[in-house]
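What follows is one structure encoded as C-alpha cells, with my remarks underneath.
There are 2 protein chains.
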Amino acid sequence: MPDLAGLELLLAVARLGSLGRAARELGITQPAASGRIRSMERLLGVALVDRSPRGSRLTEAGALVTDWARRIVEAAEAFDAGAQALRDRRDSRLRVAASMTIAEYLLPGWLIALRARLPDTAVSLLAGNSAVVAGRLLAGEADVGFVEGIGVPAGLDGAVVAQDRLVVVVAPGHAWARRRVPLGAAELAASPLILREEGSGTRAVLEAALGGLARPLLELSSTTAVKSAAVSGAGPAVLSELAVGEELAARRLVRVPVDGVRLRRELRAVWPVGHVPAGPVRELLSLTRGVR
Amino acid sequence: MPDLAGLELLLAVARLGSLGRAARELGITQPAASGRIRSMERLLGVALVDRSPRGSRLTEAGALVTDWARRIVEAAEAFDAGAQALRDRRDSRLRVAASMTIAEYLLPGWLIALRARLPDTAVSLLAGNSAVVAGRLLAGEADVGFVEGIGVPAGLDGAVVAQDRLVVVVAPGHAWARRRVPLGAAELAASPLILREEGSGTRAVLEAALGGLARPLLELSSTTAVKSAAVSGAGPAVLSELAVGEELAARRLVRVPVDGVRLRRELRAVWPVGHVPAGPVRELLSLTRGVR
DNA sequence: TCCACTCATAAGTCCAGGTTATGCCCTCAT
DNA sequence: ATGAGGGCATAACCTGGACTTATGAGTGGA
Chain A
11 MPDLAGLELL LAVARLGSLG RAARELGITQ PAASGRIRSM ERLLGVALVD
61 RSPRGSRLTE AGALVTDWAR RIVEAAEAFD AGAQALRDRR DSRLRVAASM
111 TIAEYLLPGW LIALRARLPD TAVSLLAGNS AVVAGRLLAG EADVGFVEGI
161 GVPAGLDGAV VAQDRLVVVV APGHAWARRR VPLGAAELAA SPLILREEGS
211 GTRAVLEAAL GGLARPLLEL SSTTAVKSAA VSGAGPAVLS ELAVGEELAA
261 RRLVRVPVDG VRLRRELRAV WPVGHVPAGP VRELLSLTRG VR
Chain B
11 MPDLAGLELL LAVARLGSLG RAARELGITQ PAASGRIRSM ERLLGVALVD
61 RSPRGSRLTE AGALVTDWAR RIVEAAEAFD AGAQALRDRR DSRLRVAASM
111 TIAEYLLPGW LIALRARLPD TAVSLLAGNS AVVAGRLLAG EADVGFVEGI
161 GVPAGLDGAV VAQDRLVVVV APGHAWARRR VPLGAAELAA SPLILREEGS
211 GTRAVLEAAL GGLARPLLEL SSTTAVKSAA VSGAGPAVLS ELAVGEELAA
261 RRLVRVPVDG VRLRRELRAV WPVGHVPAGP VRELLSLTRG VR
C-alpha cells in the first residue's frame, strides 16, 4: 500500500501535469517525486503516468487510481483538520465545544472550509455531551458549541444548523432490505433492534418517537459498534443518517422505509445568552448554513 | 500527519484493548507498537490511549481520533481492493470489465465484500466504456462486465444491479441551494450548467431527459473536474448521485429538487449470452443485489 | 542554435521505524 | 506469600527507504 504522501503527490501530478511542478508544490525535489511515483508504480504493478519531455499525464489506470486515492486524501484532510483542533492550544482564537456526533461527522468538514476562509485562525475543539458543552460555554472556556437534542440548554441561545434524521438500516441480506411497505411505529416498537445503550441521545430520540418502547436485540456502547453489528447482519439498527451515509452509498447497509415515526432531532449551534456571534464564530456559523 | 500503518495500529488497539495484541495482529513487536502510538500522540499533541498494566483503552480524544482514522483506513481498503484488481494478473479466476463510474464508485466496495467471501480468488479489473466492456466479454477476455447506459449491448445478457440517478447540485452559497420549489425540465434546460463534455454517458442521459437541450456553462472532461467547479461555486452541475454522495453529506454541495425530468440510468451486470453466471461471477453478482 | 522545460540516473546522507533484550508493575492463582 | 503471566516502557542497535545534490539527455519554441 502506498503512503499518504505518495498519494498526495499523485494527486498533485494529476492536477499540475508535471512531476517537477508537483514536487515543488510539495516542497521536495524533482528526483524525489520521480522516484516516489516510480516506486508506487512498482508497488501497484501498473503504470500510473505517461512521462514525456513536455510533462506527465495520467494513464487510464492512473486516473482510476487517482480517483480512489482522492478519497483517502480527503479523509486524511478531515482527520488533520480535526486533529489540529483537538490539540490543546491556549492561544486559540476560536474555541469550539461539540457533541460527539457532530465532532465526529460534521465538524471536520466545517473546519476544512473554515481554514480556507480564515487560514490563520487557530481552532480548538472539545468534545462532550450537551451538559459539558453548556458548562464550557457558560464558564467562558468555549466560544461556540454544537449540541444535538431536543432543546437549548439553559443560559444559552442557539440556532438550528442541521437536522439529524435517524434511519432504520439492515444488511442487504435481511428481509427488510427488500421491503417496500414502510414500517409503522407499532411494528418498529415490536421489533428487536440493535441500539445504543440506555442514556444515549440516539436512543432517547428513538424512544421518544416510539413512546418509550424499544426492544433491544443488542445494546452496544458506540455508534461504530452498532454499525458493525448491523453490517454483519446481526439485525436491524437505528442510527443517525450522518453515521451511515457511507455504508448506504456502498450498499453495505440498506435503509428501511419508515412511516409515522418522528425520527428527527435538531443539531444546534449554541452560545451564551447575549453573546451575539461575531468574528470567527460568525464565520463558522455561516459555513453551517444553507442546510435544511 | 500520522501514516496509514499508524492509524491501522490505532484501530487495532481500539478493537483489541492492548498494544501488544494489536502489535501481534499487525505482525510487529510490542515495543514497535508502543513507540508508534507514542509518536502519534506526540505528533497530535493529545493522549490517545490510557495505558494500564491490564491493557490499553482509548481516551475520549482517542475515540474521536479513532473514528476519524477509521474513515481513512476504509478508503485505503477500497483503494487496495481496487489496486489489487488493477494489476494485470493472467491467472485471475475472476476477470471483471467495468465502466468508469462503476469502477470508481462501486466496484472497490464489492471487491472488499467479495474478498471476505472468497479470500483466495484473484480478481482482475479492466475499466473502459460500454463498447470496450462488451468487446472483452465477447472475446472471452473477461468473465463479467458492468455497464451504465440505456440498454444491454448486443450479444450480452444482463441484469440491473443498481439505479444511477443524476442530481442537480450547487454550492451552498448558490441561490438554488435554498430553493424548495422543484426545478422543471424547461427551467433546467434554460439554465447554463457545468457539464461533462459532449459524448459522455452522464451528458447523454441528461440531454435525453431534456430532449437534446442542455446549455453548458462549462464543459469539463472528468467527473472530478465538474465536481470541483461546482463546489467552488462556479454554478449548478449535473452529476451522478454516486459521485456526489460525500459532498452532499459534508454539505459542500446541496441537492436541488427537480421535478418532471427522468434523470435515471440503469447500472447493469452483463455477460455473454448463454454464459449463465456461476462460481465467482455468481458470488460477485449476489453482492450487488438487494439494491433498488 | 540555444534556452527552457521536461524527466532519469547516480552517489551519498540520514532518520524513522523496526528489532532484541531487559525491567517494572499489576493481578491472579496456587 | 509468592511466583507466573500479561501488559507496558526503555535502551541500544540496525537497516532500508526516501531524501538530497549533481548531472545528463530528450524535446520544442524563440
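Here the protein sequences come in this chain order: A and B.
Residue 35 in our numbering sits at position 25 of the first sequence, with consecutive numbering throughout.
Residue 160 in our numbering sits at position 150 of the second sequence, with consecutive numbering throughout.
Virtual Cβ for every residue (Gly too), placed ideally from N, Cα, C.
What three-state label does DSSP hand residue i in the structure shown?
i                 : result
Val143 of chain B : helix
Pro41 of chain A  : helix
Val264 of chain A : strand
Ser210 of chain A : coil
Gly255 of chain B : helix
Gly155 of chain A : strand
Gly168 of chain B : strand
Arg100 of chain B : coil
Ile160 of chain B : coil
Val241 of chain A : helix
Val236 of chain A : helix
Arg189 of chain B : coil
Gly16 of chain B  : helix
Pro290 of chain B : helix
Val301 of chain B : Confidence at Val301 of chain B is low in this model, with a pLDDT of 42, below 50, so its placement is unreliable and no value can be given for it.
Ala181 of chain A : coil
Val215 of chain A : helix
Ala149 of chain A : coil
Just to confirm, is the Cβ distance from residue i to residue j under 9 angstroms?
i                 : j                 : result
Ala86 of chain B  : Ile122 of chain A : no
Gly221 of chain A : Ala195 of chain A : yes
Pro282 of chain A : Asp167 of chain A : yes
Ile204 of chain B : Pro182 of chain B : no
Ser238 of chain B : Val177 of chain B : no
Glu2 of chain B   : Glu256 of chain A : Chain B is shown only over 11 to 302; residue 2 of chain B falls outside these bounds and no answer can be derived.
Leu252 of chain B : Ala169 of chain B : no
Asp269 of chain B : Pro192 of chain B : yes
Glu158 of chain B : Leu277 of chain B : yes
Val254 of chain A : Val179 of chain A : yes
Leu117 of chain A : Phe89 of chain A  : no
Ala137 of chain B : Leu74 of chain A  : yes
Glu70 of chain B  : Ala107 of chain B : no
Thr76 of chain A  : Leu20 of chain A  : yes
Leu228 of chain A : Gly211 of chain A : no
Ser49 of chain A  : Leu29 of chain A  : no
Gly93 of chain A  : Trp78 of chain B  : Per the sequence shown, the amino acid found at residue 93 of chain A is Ala instead of Gly. Contact flag set, yes.
Arg274 of chain A : Val215 of chain A : yes
Ser62 of chain A  : Val23 of chain A  : no
What are the boundary residues of the beta strand (DSSP E) that includes residue i?
i                 : result
Gly27 of chain B  : Unbroken run through Gly27 of chain B: none, as it is neither H nor E.
Trp281 of chain A : Arg274 to Pro282
Leu136 of chain B : Val133 to Ala137
Ser62 of chain B  : Val59 to Ser62
Between which two residues does the alpha helix (DSSP H) harbouring residue i extend?
i                 : result
Asp77 of chain B  : Glu70 to Leu96
Arg225 of chain A : Careful: Arg225 of chain A lies outside any alpha helix (DSSP H), inside the beta strand (DSSP E) at Arg225 to Leu230.
Leu117 of chain A : Leu117 to Arg127
Ala195 of chain B : Ala195 to Ala200
What are the partner residues of residue i, as DSSP defines its beta bridges?
i                 : result
Ser250 of chain B : B:Leu176
Val106 of chain B : B:Leu135 and B:Val154
Arg48 of chain A  : Answer by DSSP bridge pairing: none, since Arg48 of chain A is not bridged.
Leu203 of chain A : A:Pro226
Ser66 of chain B  : B:Arg61
### Query
Between the stretch 135-164 of chain A and chain B, which residues of the former have CB atoms less than 7 angstroms from a CB of the latter, in chain order?
Ala137
### Query
Listed from N- to C-terminal order along the chain, which residues in the stretch 79-112 of chain B have their beta-carbon within a distance smaller than 8 angstroms of any beta-carbon of chain A?
Ala79, Arg80, Arg81, Ile82, Glu84, Ala85, Ala86, Ala88, Phe89, Asp90, Gly92, Ala93, Leu96, Arg97, Asp98 and Met110
### Query
Name the residues in the stretch 258-281 of chain B whose C-beta lies less than 9 angstroms from a C-beta of chain A; which are they?
Leu258, Ala259, Ala260, Arg261, Arg262 and Val264
### Task
Check each residue of the stretch 228-245 of chain A: if its Cβ is closer than 9 angstroms to any Cβ of chain B, include it; give the result in chain order.
Ser232, Thr233 and Thr234
#### Entry: Near-chain B residues of the stretch 59-80 of chain A - C-beta to any C-beta below 9 angstroms
Glu70, Ala71, Ala73, Leu74, Val75, Thr76, Asp77, Trp78, Ala79 and Arg80
#### Entry: Contact set between the stretch 170-202 of chain A and chain B, restricted to residues whose Cβ is under 9 angstroms from the partner
Ala172, Ala181, Pro182, Gly183, His184, Ala187, Arg188 and Arg190
### Task
Could you please tell me which residues of the stretch 47-58 of chain A, in chain order, have their CB closer than 8 angstroms to any CB of chain B?
Leu54, Gly55 and Val56
### Message
Output needed in chain order: residues of the stretch 11-27 of chain A with a Cβ under 7 angstroms from some Cβ in chain B.
### Response
Met11, Asp13 and Leu14
### Message
At a CB distance below 9 angstroms, what residues from the stretch 113-135 of chain B approach chain A? Give them in sequence order.
### Response
Ala113, Glu114, Tyr115, Leu116, Pro118, Gly119, Trp120, Ile122, Ala123 and Leu135
#### Entry: Chain-ordered residues of the stretch 206-225 of chain B with a beta carbon less than 9 angstroms from chain A
none
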